[in-house]
Amino acid sequence: MTVSLKLLLTLLFITSPAWTASCPGSENCQICKVAANDIYYLHYGIIENLDLSSIFHGPETAIINCKNPSNKSDLSDLNYYADFKHTIKFVTITNVNVVTVPSNLFSKAFNLEYLDLSQNKITFISNELFNDCTNLNSLNLSSNDLSTVSFKSDQAFPGLQKLEYLDLSNNMISSLDKNILSGLSSLRYLDMSRNNMKTIHRQAFLGLSNLKTIDFSYNALTLKENNILNFEYGPLSPFHHSQQTLEEINLAYNNIDEIFGDWIFAARLKILNLSHNHFSVIEDTEMQFLSNKINVDLSSNGVKKINYGQVELLDEYSVGDIVVNIENNPVQCGCEMSKMALFLELKYPKVDKRFISSAIDKFKCGKQNKVPNSVCKLDHSLETMIGACPSRCNCIINPEKKSIFVNCSYRGLDEAPATIPWFAGANVEVNLTGNHLTKIPSRNQKGYEHITVLALSHNKISKIPIDMPLENLEKLYLDNNELVRINYEVLDVLRTSTKIKNLSLHGNKLKCNCHARNLTVLIQMMDQKIPELRNVTCYGYDLPIYTINLNRLCSATRYWILILCIIIGILGFIGGIILTLYLIKRNRHNNRRKTIYDNKHGVKSIFVV
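Taken in order, the sequence shown gives residues -20 to -1, 1 to 589; the numbers are from mature numbering (1 follows the signal peptide of the UniProt record, and there is no 0).
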């Protein structure tokens, strides 16, 4: 009967209760019988002069001898008989401060499948160490003192074609060279986290055609030093050789600031952890992964903006289940999501809203980042759809309420902007307070016909034109200008408007004469609805117009007109008398001259007076 002995050597403390339970009497390094086909956990805190030999007295027993215990952290004297060695499948030598591993320690260990040398102080790995470990499946070298120079050969792990699990985490491997992983064609899991690694050779993953999970978290990687190819979806990372098989990439706590093209086309990729890196902007085109289900963690970066201007919303590209975690970033998540939704609605007005929702819902924000009804700065992507913000002005938008605020106040403007941004269904508010405007913008200027609020206070406006944008106005501020009178047609539009809610006209040069009669009527009709109209006073008097009696409004004017008429009448009468006297005198003069003429020439004349 073939003996298949599975022996796990775990070097811990000699007083461990597991030793006694597994091998009675061995706490004093006495003889312990090991039955075939069983697994024994032999706990040692001693290394020097440790001799493990196998002497088979029969198919069911094996004898292990322990001699001369000490505390030397060296495996140079760890020997075990060759006939016994080839039966071992599991070896664990951890947390005993081992520095040196003899190159022949695992010679002829042909059946070794699991080897754990973690939590020691190993500084060097010979490329001959694993020559006979052709069946090794799992190798743990984490928490040692390994560095890039610890692997003297270009191929650090020759002969390990069956190795599937490799843990090199928590060492000092600052760079991953070209051939360190060469030959590990069966490798499925690689952990190189916490190495302060800065570079990875662009061919380091060449031949790793079965790799599924990699962990390079807690390093100093940018992955940019080996960029050799750029295409529409970004440069390639060093992992692109395993693009077809990778399912999980952990790059948390590094210095990465972009999404690499091979990740987008990794069809099997399920988890991409990029938390605690250096992302400041997310391009939405980078979030269009080929994988039909993927979780991308971009939390705790420096993300301030999401660029969505180039996103394509096509049915065939909208089938993937993508989740992008952007919690704990300075980005105004509510703003970015709302603006993106508005952008897609404007760009694809006929697309089913479900596709728009799926494009938005893939981003997961923390509660502290997502504020409903956020007021957001108008960005370039939206400007391409609704028009640019005027120069020297600031524009903000509330996408959820569909409101646009154009702030041009106190900018030293001599005229209003020629155009303002607008989209269908939006309420537009324009603030032009505190400038040097002499004219009110026309409703024929692009965007102005949709204004609901127009602030023109503290300017130099002297006239309200009939073509000003009045149709949709809810609030109009014209106080502290140079208005002397208001056109009757304008007053009529304001009087009949069902939308106007606020109207300020105080601080102007309005004269209280017959021309102000229609204005007075308007104020007296609307002073309950618009209380600020009570502040409108006659120019030169501290007299509110709404208190003036209409019958007396033109009395002074009529009085002066009457006086003027009397004066004109008197002047006309006097002028008529003067003219008559002048004509009589002139006629007499003419008759006298004629008489003299006739007498001189002997002509008899008949004078008719």
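From the three backbone atoms N, C-alpha and C, an ideal C-beta is built for every residue, glycine too.
Inter-stretch contact at 8 Å, needing at least 3 Cβ pairs: the stretch 435 to 444 / the stretch 411 to 421: yes
DSSP beta-bridge partners of Ala435: Against the sequence shown, residue 435 aligns to sequence position 455. Per DSSP, Asn411, Tyr457.
Ser154 - partner residues in DSSP beta bridges: Mapped onto the sequence shown, residue 154 falls at position 174. Answer by DSSP bridge pairing: none, since Ser154 is not bridged.
Alpha carbon of Gly25 to alpha carbon of Asn111, nearest angstrom: Against the sequence shown, residue 25 aligns to sequence position 45. Against the sequence shown, residue 111 aligns to sequence position 131. The predicted position of Gly25 is uncertain, since its pLDDT is 36 and thus under 50; a value taken from the coordinates is nonetheless stated next. Whole-angstrom Cα-Cα distance: 28 Å.
Beta-carbon spacing of Ser123, Gln99 below 8 Å: Within the sequence shown, the letter at position 143 stands for residue 123. Within the sequence shown, the letter at position 119 stands for residue 99. Yes, the Cβ-Cβ distance between Ser123 and Gln99 is below 8 Å.
Residue environment, Gln508, which counts as buried when at least 16 other CB atoms sit within 10 Å: Residue 508 sits at position 528 when you count from the first residue of the sequence shown. Exposed, by the Cβ-count rule.
Cβ pair Ile244, Glu228 closer than 8 Å: Translated into the one-based positions of the sequence shown, residue 244 becomes position 264. Translated into the one-based positions of the sequence shown, residue 228 becomes position 248. In this structure, Glu228 does not lie closer than 8 Å to Ile244 by Cβ.
Coarse secondary structure for Asp472, derived from DSSP in three states: Position 492 of the sequence shown, counted from the first residue, corresponds to residue 472. The answer is helix: DSSP assigns Asp472 an H, G or I state.
Span of the beta strand (DSSP E) around Ser337: Reading the sequence shown from its first residue, position 357 is the one you call residue 337. No beta strand (DSSP E) holds Ser337; the alpha helix (DSSP H) holding it covers 333 to 341.
Beta-carbon proximity of Leu143 to Leu170, cut-off 8 Å: On the sequence shown, residue 143 is found 163 positions in, with the first residue counted as 1. On the sequence shown, residue 170 is found 190 positions in, with the first residue counted as 1. No, the pair does not count as a contact, with Cβ atoms beyond the cut-off.
Cβ contact (3+ pairs, closer than 8 Å) linking the stretch 354 to 368 and the stretch 303 to 317: yes
Arg572 - DSSP class collapsed to helix/strand/coil: Locating residue 572 in the sequence shown gives position 592, counting from the first residue. Helix at Arg572.
Close-in-space but distant-in-sequence residues of the same chain around Arg573 (CB under 8 Å, 5 per side omitted): Position 593 of the sequence shown, counted from the first residue, corresponds to residue 573. Once the five neighbours on either side are set aside, Arg573 has no close Cβ partner at all.
Given Met365 as reference, the closest of Leu324, Thr517, Pro82 once Cα atoms are compared: Here residue 365 refers to the residue found at position 385 of the sequence shown. Minimum Cα distance to Met365 is reached at Leu324.
Cut-off 7 Å between Cβ atoms - residues of its own chain near Ile376, not counting five sequence neighbours on either side: Along the sequence shown, one-based indexing puts residue 376 at 396. Within the same chain, Ile376 has close Cβ partners Val355, Cys356, Lys357, Leu358, Phe385.
Of the listed residues Asp459, Ile105, Asn253, nearest to Pro82 (C-alpha basis): To locate residue 82, count along the sequence shown from 1; it is residue 102. Cα-wise, what sits closest to Pro82 is Ile105.
C-alpha gap between Asn175 and Ala200, whole angstroms: To locate residue 175, count along the sequence shown from 1; it is residue 195. To locate residue 200, count along the sequence shown from 1; it is residue 220. Looking at the two C-alpha atoms, the distance is approximately 9 Å.
Which of helix, strand or coil DSSP assigns to Pro370: Start at 1 with the first residue of the sequence shown, and residue 370 comes out as number 390. The answer is coil: DSSP assigns Pro370 none of H, G, I, E or B.
Span separating the alpha-carbon of Cys3 from that of Phe240: Numbered from 1 along the sequence shown, position 23 holds the residue referred to as residue 3. Numbered from 1 along the sequence shown, position 260 holds the residue referred to as residue 240. With a pLDDT of only 41 at Cys3, under 50, the local geometry of the prediction cannot be trusted, and the value read off the model is given with reservation. In a straight line, the C-alpha of Cys3 is about 54 Å away from that of Phe240.
Lys491 Cβ short of 7 Å to the ligand MN heavy atom set: The ligand MN is not part of the structure shown, which contains no ligands of any sort.
Integer Cβ distance of Leu474 from Ile480, believed to fall under 8 Å: Looking up residue 474 in the sequence shown gives position 494. Looking up residue 480 in the sequence shown gives position 500. Yes, Leu474 and Ile480 are in contact; Cβ-Cβ is about 6 Å, under 8 Å.
Residue from Gly392, Leu362, Ser389, Pro421 whose Cα sits closest to the Cα of Asn378: Within the sequence shown, the letter at position 398 stands for residue 378. Among Gly392, Leu362, Ser389, Pro421, the Cα nearest to that of Asn378 is on Leu362.
Rounded straight-line distance, which links the Cα of Asp237 to that of Met152: One-based indexing of the sequence shown puts residue 152 at position 172. One-based indexing of the sequence shown puts residue 237 at position 257. Each residue's alpha carbon lies about 24 Å from the other.
Residues that Phe385 bridges to, as DSSP identifies them: Stepping through the sequence shown from its first residue, residue 385 is reached at position 405. Answer is Ile376, Glu409, bridged to Phe385.
Pairwise C-alpha distance: Cys345 and Phe185: To locate residue 185, count along the sequence shown from 1; it is residue 205. To locate residue 345, count along the sequence shown from 1; it is residue 365. Spanning the two alpha carbons is a distance of roughly 34 Å.
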